[in-house]
Amino acid sequence: MIEIQRRPACDISHLPDSLSPLMRRVYASRGVNSESQLNRGAKGLLSPGQLYGIGPAADLLIEAIESSQRIIVVGDFDADGATSSALSVLALRMLGSSNVDYLVPNRFEDGYGLSQRWLTKPSPWGLS
0 MIEIQRRPAC DISHLPDSLS PLMRRVYASR GVNSESQLNR GAKGLLSPGQ
50 LYGIGPAADL LIEAIESSQR IIVVGDFDAD GATSSALSVL ALRMLGSSNV
100 DYLVPNRFED GYGLSQRWLT KPSPWGLS
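Using numbering that gives the first Met the number 0, read the sequence shown as starting at 0 and increasing by one per residue.
#1: On a Cα-Cα basis, can you pick out the residue from PHE76, ILE71 and ALA56 that is closest to PHE107?
#2: Is the beta carbon of VAL72 sitting closer than 8 Å to the one on TYR101?
#3: State the DSSP-derived secondary structure class of TYR51, mapped to helix, strand or coil.
#4: Do the CB positions of ASN38 and HIS13 come within less than 8 Å of each other?
#5: What would DSSP say about VAL99, mapped onto helix, strand or coil?
#6: Within the continuous alpha helix (DSSP H) that includes VAL88, where are the two ends?
If you want it as structure tokens, here you go:
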């Protein structure tokens, strides 16, 4: 028999009363500790320069585009994954990449997310 594990109740007292009780519990269970964390506007985002590894990643993309290397965008099968994959392919083409494609792993065979197991599978394009 399966036993349902109950989590301890979250402290929602620090969240605004203007939120429904359900939303207060959802936010609290996701680690939101203050009302200020609910402001997810553009001002609250990191600047691109603060993203870890952005410099080397940008250099790698520039080199790949300039030398016409094959760029594969590995996507996901859900709505945000499909959208971000499509936008990434479009952006890379607009930046001058003539050799960009996408690949979506099979969630039933490969699971969720980019895994080491998937990276070691033979590439359908002969990439290494």
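Backbone N, C-alpha and C fix where the C-beta goes; we use that ideal spot for every residue, glycine too.
With the structure as the only source:
#1: PHE76
#2: yes
#3: coil
#4: no
#5: strand
#6: 78 to 93
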